[in-house]
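To keep things clear, I will list the structure first and then write my remarks on it.
Protein chains in written order, with the working numbering: chain A, 26 to 457; chain G, 44 to 323; chain E, 511 to 802.
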């Protein structure tokens with residue numbers, strides 16, 4: 026009796042360790058038929074509705090078709106995802122199929138062996154050919170394919186037609202025209218551009234675009250962490266051009282979130298906003314009927330003396346990859362193929378208004394015209410240019426973004442910003 | 044002397060003092076009222092005028108917040124809290140009793156370990172703890188919160204209960220031994236029942252800590268089905284995007300349990316706080 | 511027989527000792543070791559870099575911003591929470607306060623009962639530049655010039671966060687001091703009364719000297735709490751805009767989990783350890799000498 030009780034105390038400790046065994050997902054269960062059921066872990070970044078339900082349905086459809094695979098789904102929302110994914114991949118219980126942004130954001134995981142090489146599977150049974158190649162290309166590193174696109178995207182301006190009319194402003198096609206338009210709106214007491222930069226990825230989208238248009242191919246030398254050469258004077262020039270548009274943003278841009286700024290734009294409190302194409306379905310679902318006919322879109326204006334190809338589009342697809350440490354590559358690849366394939370693509374387009382990277386998912390007329398037309402901007406673009414924040418090494422990116430916020434407040438100069446960025450890039454290169 | 048005798052001056056002073064108290068109380072209470080008012084509005088009402096009263100209280104905000112995940116976070120907090128509190132109180136009492144009654148030199152080492160543990164802040168252990176938790180397979184389980192909570196609250200529990208046991212008459216236990224009780228039986232039947240007040244204080248302090256803890260829960264948990272209220276609430280803001288009134292309703296729901304808990308057990312609560320003297 | 515009993519006591523202590531060793535002491539010791547490496551969260555790769563993380567810290571602008579913010583937080587908290595909290599406690603315990611004192615005490619204490627996350631989110635909305643309570647009130651009072659993007663302006667943001675903490679914790683420190691005041695023997699006041707002391711004199715000559723130790727303890731709690739600061743800042747600004755609200759806690763978290771520099775973060779943790787540990791030792795020393 027006495028002995029038993031003493032042991033009990035120690036047991037609590039031991040028990041805690043045993044219990045954890047129950048948390049493991051990879052323990053194969055044996056079904057009645059004797060067939061082994063494999064559980065794969067799936068991580069996406071849309072915990073909010075209606076997206077979460079969409080994924081739940083995709084998973085249950087897949088499970089119905091593949092009775093030997095069980096998909097354990099989890100999700101983390103956008104901003105925390107960027108932090109959590111690193112932690113999650115560091116654990117022994119990493120998800121078998123997970124969301125990611127292609128480019129340096131994913132490349133560091135590829136270098137660390139955390140992403141499964143899909144080249145062989147992609148090259149058989151015409152899997153690779155089922156995608157629009159411009160949307161698959163971002164997932165290629167050193168001629169190997171590591172992932173598949175789930176949602177195509179690009180950055181465009183949306184504008185309020187009524188407010189433009191009020192101010193007598195024109196839809197601009199060149200940078201100078203753009204600044205004139207802003208000026209006109211300002212004079213008519215209309216806030217020209219809605220901007221929420223509390224999470225500074227928002228400003229990186231502007232700078233990514235302006236950099237590409239002004240500098241051209243040299244940006245790739247700079248963004249590659251193994252080179253990290255930001256010496257092209259175009260980087261400073263780009264910031265100087267950006268400074269010209271800063272006065273036209275709404276007040277307190279650094280204090281409000283992107284979504285809040287978008288709400289303000291939809292409420293007619295500002296004339297324009299630089300948004301992602303994937304935001305259009307959201308705008309359509311929230312806005313009033315009058316507003317729906319009252320807004321239009323245009324491409325980022327051409328910068329006439331810029332060295333970059335002016336018909337490139339900023340925006341990269343988002344997609345999914347298979348974990349490099351997965352214990353069930355066959356099942357995980359099967360799920361990935363299903364998830365980014367035509368069937369799910371159609372459901373995705375109809376229910377969420379997102380277009381995936383598979384060929385000919387929907388015809389015009391099947392989904393809202395505004396969504397269909399704008400997605401064509403992506404497919405017609407000569408080339409996609411990655412988002413600045415996911416294209417850069419994390420350390421360089423953090424310095425760049427913080428300095429850009431500072432620049433918007435007039436607390437630093439373009440030269441100083443680029444000097445700090447170069448310092449960090451050199452440090453990263455030395456560690457590489 | 045003059046002041047004390049002068050009744051008008053005293054009344055004046057009293058009025059001034061009350062005015063001061065009331066102004067201060069308004070400053071404290073108004074933000075709480077503001078959030079409750081706005082949690083009952085529609086989003087457009089909130090944006091038009093956040094100081095106005097709602098036209099028709101939108102109670103559905105609360106239902107929505109509850110259904111969108113708060114119910115899960117709530118249960119998780121209760122579960123993690125119950126296990127952590129029970130284990131901390133029980134293991135802490137046992138250890139404190141051992142330290143007080145043991146005669147070996149080992150108890151001094153233990154005591155200094157406990158004392159040292161009081162001074163260490165959880166942040167310092169964060170990175171290594173994350174690695175350890177992952178290595179032993181606790182990452183993203185309730186235990187990833189429970190075990191560190193217990194470990195970091197034990198020094199405090201032992202310290203608190205040790206000083207209580209020190210003043211505990213040994214005669215009671217001895218008479219129990221004479222009656223044939225074993226050491227363990229004595230501990231359970233004599234020591235613990237008499238120590239109820241200090242056990243309660245420890246339990247309250249641990250409960251407050253667990254209910255509020257954010258950092259470990261943020262780093263060690265990834266699955267929203269396992270999140271506790273603090274991390275759940277902050278996750279809520281990202282998930283709701285601009286559905287702010289629901290978010291506000293969520294904040295109210297998340298705050299209520301501790302307020303009710305406090306109002307129900309004010310005396311014990313304050314006793315626990317003064318005994319502990321450690322913030323959040 | 512006696513020996514057996516001694517062994518039993520060891521078993522009482524063992525579970526707690528094991529838990530504390532494995533989950534408190536080992537991680538902290540390990541943290542010192544990690545601070546000598548370069549590593550990230552998603553691989554097991556570790557590169558030994560010696561003391562270079564520390565060298566980098568002492569040349570790191572953001573580290574100094576963080577340290578400065580922690581110090582601001584500590585100083586302002588001492589003045590507001592301990593200073594003003596004492597005044598409030600004395601006023602509430604004075605005869606003038608009458609029967610309503612319990613009511614006011616409860617109200618002032620209420621915010622500290624709410625979790626830091628909820629309070630942080632609440633004030634996040636209060637400070638919102640467009641619909642927030644603060645700007646709306648200022649506009650209503652005709653003080654439009656005083657409206658700000660409270661969490662978006664680098665010179666103001668950290669103070670906005672600090673202000674929120676004062677709102678939350680003044681009542682908490684106040685309660686600790688009230689409890690101490692209530693322990694002062696009533697005879698002391700009675701004899702002062704006979705000597706003809708007024709309220710202010712009584713407060714200065716009797717109350718304050720008798721709660722000296724509590725004042726010290728609450729000051730130390732406040733200072734240590736200031737260096738443990740994390741949740742408030744994480745929830746409200748995550749350290750932005752451009753690191754102006756960064757504190758050691760959030761900088762540690764950001765370097766570890768956003769910037770992929772776990773070794774560097776471990777070195778920051780060592781610095782937090784050194785600061786909080788020495789303040790605690792100071793407390794023990796002072797309170798021991800007070801007793802002698």
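All C-beta atoms in this analysis are idealised placements derived from N, C-alpha and C, irrespective of residue type, glycine included. Since we're looking at a predicted model, the values are computed, not measured.
What does DSSP give as the partner residue(s) for residue i in the beta ladder?
i	result
residue 97/A	66/A
residue 185/A	320/A
residue 299/A	182/A
residue 348/A	140/A
residue 409/A	338/A
residue 218/A	274/A, 297/A
residue 122/A	67/A, 347/A
residue 19/A	Outside the displayed span of chain A (26 to 457) sits residue 19/A, for which this structure offers no information.
residue 389/A	392/A
Determine the contact status of residue i and residue j, defining contact as a CB-CB distance below 9 Å.
i	j	result
residue 781/E	residue 567/E	yes
residue 728/E	residue 698/E	no
residue 692/E	residue 603/E	yes
residue 339/A	residue 418/A	no
residue 160/G	residue 534/E	yes
residue 173/A	residue 344/A	yes
residue 410/A	residue 208/A	no
residue 103/A	residue 133/A	no
residue 391/A	residue 375/A	yes
residue 295/G	residue 620/E	no
residue 530/E	residue 197/G	yes
residue 287/G	residue 635/E	yes
residue 346/A	residue 140/A	yes
residue 586/E	residue 718/E	no
residue 138/A	residue 240/A	no
residue 760/E	residue 740/E	yes
residue 552/E	residue 111/A	yes
residue 113/A	residue 426/A	no
Of the residues that make up the segment 70-83 of chain A, which ones have a beta carbon closer than 7 Å to any beta carbon in chain G? 72, 73
Beta strand (DSSP E) runs contained entirely in the segment 285-320 of chain G, provided each spans 3 or more residues: none
Three-pair Cβ contact test at 8 Å for the segment 523-538 of chain E versus the segment 152-168 of chain G: yes
Across the segment 202-209 of chain A and the segment 366-377 of chain A, are there enough close Cβ pairs to call them in contact, namely three or more that are closer than 8 Å? no
Looking at C-beta atoms only, is the number of pairs between the segment 242-258 of chain G and the segment 179-194 of chain G that lie closer than 8 Å three or more? yes
Check each residue of the segment 81-113 of chain A: if its Cβ is closer than 8 Å to any Cβ of chain G, include it; give the result in chain order. 99, 100, 101, 102, 103, 104, 105, 109, 112, 113
Counting beta carbon pairs with one atom in the segment 272-285 of chain A and one in the segment 210-222 of chain A, are three or more of them shorter than 8 Å? yes
Runs of 4 residues minimum, wholly inside the segment 529-591 of chain E: which ones carry the alpha helix (DSSP H) assignment? 536-544, 562-568, 571-587
Complete runs of the alpha helix (DSSP H) confined to the segment 739-790 of chain E [at least 4 residues]: 741-746, 758-767
Quick test of the definition: if touching needs 3 or more C-beta pairs under 8 Å, does the segment 243-250 of chain A touch the segment 316-323 of chain A? no
For the segment 411-427 of chain A, list every residue whose C-beta sits within 8 Å of some C-beta in chain E, in sequence order. 419, 420, 423, 427
Along the segment 263-290 of chain A, what residues have a CB closer than 7 Å to any CB found in chain G? 284, 285, 288
Please give me, in chain order, every unbroken run of the alpha helix (DSSP H) with length at least 4 that falls completely inside the segment 232-291 of chain A. 243-248, 259-270, 283-291
Please list the segments of the beta strand (DSSP E) lying wholly inside the segment 149-178 of chain A, counting only runs of 3 or more residues, in order along the chain. 172-176
Of all the residues that make up the segment 661-686 of chain E, which are near chain G by a beta-carbon distance shorter than 8 Å? 677, 679, 681, 682, 685, 686
When you check each C-beta in the segment 127-161 of chain A against every C-beta of chain E, which residues fall closer than 7 Å? 134, 137, 139
Touch check for the segment 658-667 of chain E and the segment 742-760 of chain E: three-plus C-beta pairs under 8 Å? yes
Could you tell me whether the segment 74-90 of chain G touches the segment 98-116 of chain G, using the rule of 3 or more Cβ pairs below 8 Å? yes
Residues from the segment 428-449 of chain A in contact with chain E, defined by Cβ distance under 8 Å: 428, 430, 431, 434, 436
Give, in chain order, every residue of the segment 60-82 of chain G whose Cβ lies closer than 9 Å to some Cβ of chain E. 60, 61, 63, 64, 65, 67, 68, 70, 71, 72, 73, 74, 75, 77, 78, 81
Relative to chain E, which residues along the segment 337-361 of chain A have a C-beta separation below 7 Å, given in chain order? none
Of all the residues that make up the segment 518-531 of chain E, which are near chain G by a beta-carbon distance shorter than 9 Å? 518, 519, 520, 521, 522, 523, 524, 525, 526, 527, 529, 530, 531
Along the segment 612-642 of chain E, what residues have a CB closer than 9 Å to any CB found in chain A? 637, 638, 639, 640
Against chain E: residues of the segment 208-235 of chain A by CB proximity under 9 Å: 222, 223, 224, 225
At what residue ranges does the segment 606-679 of chain E contain a whole run of the beta strand (DSSP E), taking only runs of 3 or more? none
Is the segment 637-650 of chain E in contact with the segment 295-307 of chain G, if contact means three or more CB pairs nearer than 8 Å? no
Do the segment 282-289 of chain A and the segment 158-177 of chain A touch if we need at least three Cβ pairs shorter than 8 Å? no
Counting pairs of Cβ atoms below 8 Å between the segment 257-277 of chain A and the segment 62-76 of chain G, do you hit three or more? no
Scan the segment 576-590 of chain E for residues whose Cβ lies nearer than 9 Å to a Cβ of chain G and list them as they occur along the chain. none
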